[in-house]
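Notes for the one structure printed next.
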Amino acid sequence: MLGTGTSSTDLTAIGLPRAGGAGTLAGHTVSRIGFGAMQLERLHADRRAALALVRRAVELGADHIDTAQFYGNGFANEVIREAIRPGDGVLVVTKVGGDPNPGGPFPIRPAQRPEELRASVEDNLRSLGLDRLPVVNLRRLDMGPGLIAEGDQVVGLDDQLAVLTAMRDEGKIGAIGLSNVTFSMLRRALPAGVACVQNAYNLLARGDDDMLVACAAEGIAWVPFFPLGGSFALLPSVTDEPAVREAARSLDRTPAQVGLAWLLRRAPNVLLIPGTADAGHLAENVAAGSITFDAATLAALNAVPSHSADVPLR
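If you want it as structure tokens, here you go:
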């Protein structure tokens, strides 16, 4: 059966240091560099390679895995279920707010209504083989980049939180997180209990700095998606930034590693879930946790302008 993060096994107890050091998520100690499963779909034709990649992530000290039922129409969840062992002590975090959309113009479709959120939780439970999901992130679709909710998919946050807190009371969810939210939404959700926030954030997109600081003060994990930008045409790529490339050259690291290391340095509550379908890139992502910056390099990176305001959200 899949590990849920509640196992007594600790990576450090079996000789595996946590990737990037230790952080906290929903009361669990986890590696600050985890693994995002979205790109596992690229290995759909080679299930053995997908299983080996997840196992390798655990071997490298990543005990925080982020997934969703709509990643590859359940493929990512199925691979994680098979690859993770109870003694691994891995915290599996999933999300709701979208459903698989095989054959459609996009691989996912909005699923924001309360009854859809409940059904998605149940789908994740089944595909992961769990009785309880340790953390479930609510992916809001009020703004881009990506899908925007329209029509009956425009649903109030309070209605969504009501069904998720009910499922938490039922024991099917351990903790609730938020994804793609504004600061005002976070404030409204705080009384319900928020374990983490997943927003687009990186060196070139720091518009949520105030929210990051607030989350640190509240003990809420900050788990940025698009940590290197560039996933959509309108998002600038961190790895193309001259200051990042210069830092990579001077440190003999890759620009991607520098971008990830900067995020870890930004605040102690930052947890990373970089995704990849390549074992070499996986090792590089984990190795980013060992990078240290001297004062001049960090100052040069911090001086890079944020382009958050330049990216249209609708």
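At position 57 of the sequence shown the residue is numbered 57 (full-length UniProt numbering), and the sequence of numbers has no breaks. We put the beta carbon where it would ideally sit given N, CA and C, even for glycine. Remember, it's a predicted structure, so these values are computed and weren't measured experimentally.
Inter-residue Cα distance where the pair is residue i and residue j
i, j, result
"Met143", "Val155", "13 Å"
"Gly20", "Arg249", "21 Å"
"Ala277", "Phe183", "33 Å"
"Ala22", "Ala288", "14 Å"
"Pro236", "Ala256", "13 Å"
"Ser7", "Thr29", "Legend: pLDDT at Ser7 = 37, less than 50; position of this residue unreliable, value from coordinates given subsequently. Each residue's Cα considered, the two are about 12 Å apart."
"Ile80", "Gly275", "14 Å"
"Ala111", "Phe70", "11 Å"
"Ala300", "Arg265", "14 Å"
"His44", "Asn101", "16 Å"
"Pro227", "Asp169", "33 Å"
"Glu284", "Arg48", "21 Å"
"Asp99", "Arg109", "5 Å"
"Asp252", "Glu246", "10 Å"
"Val273", "Asn137", "A small fix is needed here, since residue 273 is Ile in this sequence, not Val. Distance between the alpha carbons of Ile273 and Asn137 is about 14 Å."
"Val90", "Asp209", "29 Å"
"Ile33", "Arg18", "8 Å"
"Asp240", "Val54", "28 Å"
"Ala175", "Ala279", "30 Å"
Buried/exposed call for residue i, threshold 16 Cβ in 10 Å
i, result
"Pro244", "Per the sequence shown, residue 244 should be read as Val rather than Pro. With 16 or more Cβ atoms within 10 Å of its Cβ, Val244 is classed as buried."
"Ser290", "exposed"
"Val121", "buried"
"Gly61", "buried"
"Val258", "buried"
"Glu116", "buried"
"Val181", "buried"
"Ala57", "buried"
DSSP bridge partner residues for residue i (one or two, in chain order)
i, result
"Leu138", "Val96 and Leu178"
"Leu164", "DSSP, once it has assigned bridges, lists no residue as partnering Leu164."
"Ser290", "According to DSSP, which records beta bridges pairwise, Ser290 is partnered with nothing at all."
"Ser237", "Gly229"
"Ile173", "Leu133"
"His64", "Leu91"
"Val197", "Leu178 and Trp222"
Below-7 Å beta-carbon distance, residue i vs any chain C residue
i, result
"Ala217", "Here chain C cannot be found, since the structure has a single protein chain."
Please determine if the stretch 265-274 and the stretch 203-220 are in contact, where contact requires at least 3 C-beta pairs separated by less than 8 Å.
yes
Quick one: which unbroken beta strand (DSSP E) runs of 3-plus residues sit fully inside the stretch 102-134? Chain order, please. 108-110
Taking 8 Å as the threshold, find out whether the stretch 89-99 comes into contact with the stretch 57-70 through three or more Cβ pairs.
-> yes
* Please go through the stretch 12-44 and give each complete beta strand (DSSP E) segment of 3 or more residues, from N-terminal end onward. => 22-25 and 28-31
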